[in-house]
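S.K.: For the sequence shown, the residue numbers in this note's numbering are -13 to 81. For each residue, glycine too, the CB sits at the ideal point set by N, CA and C. Sharing a structure, written as structure tokens. Questions coming.
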Amino acid sequence: MMKSFWQEFTGIELNPRQKKVVNALLDAGKRRFEGYLAARKYRSLAKTSKATASRDLEDLVRKGVLRRLDGGGRSTKYDLCWERFESVGLSVPGS
-13 MMKSFWQEFT GIELNPRQKK VVNALLDAGK RRFEGYLAAR KYRSLAKTSK
37 ATASRDLEDL VRKGVLRRLD GGGRSTKYDL CWERFESVGL SVPGS
């Protein structure tokens, strides 16, 4: 799955932190990343500050890699835009 994702979306530039977190989501598969992704979990996985995590998450949403789920503020959760990946024919683990 990861190889297909990275081949299909080569035009999307991500920093090393973002790549690490996207890989964790891809490894877990659809609906299997425990508790979804929140800013706190992003900070922990990427080993970064709160401000950097917020900027990275906003960037991933703007680029169409992540989408916001329910809530807002500190309770905002994110997940990969699995529908986007499925629309280009990538197999999605856990679907």
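(1) Does the contact criterion of 3 or more C-beta pairs under 8 Å hold for the region 4 to 16 versus the region 55 to 62?
(2) For Ser81, which three-state DSSP category applies?
(3) Please identify the residue among Glu69, Ala39 and Asp65 whose C-alpha is closest to the C-alpha of Tyr22.
(4) Hey, quick one: how far does the alpha helix (DSSP H) through Arg26 stretch, first residue to last?
(5) Should Arg26 be labelled buried (16 or more other beta-carbon atoms within 10 Å of its own) or exposed?
(6) Since Arg53 sits in a beta bridge, which residues does DSSP pair it with?
(7) To the nearest angstrom, how far is the alpha carbon of Asp13 from that of Ala37?
(8) Comparing alpha-carbon positions, which option in Ala24, Arg29, Arg48 and Lys16 lies nearest Leu0?
(9) Does the beta-carbon distance from Arg29 to Ala39 come in below 8 Å?
(10) Consult DSSP for Lys58 and reduce its assignment to one of helix, strand or coil.
M.R.: So, from the listed chains and residues:
(1) no
(2) For Ser81, the predicted model reports a pLDDT of 47, less than 50, meaning its position is unreliable; a value from the coordinates is still stated below. In this structure, Ser81 counts as coil in the three-state DSSP scheme.
(3) Asp65
(4) Ala25 to Ala32
(5) exposed
(6) Asp65
(7) 26 Å
(8) Arg48
(9) yes
(10) The displayed chain sequence assigns Gly, not Lys, to residue 58. If DSSP states are grouped into helix, strand and coil, Gly58 belongs with coil.
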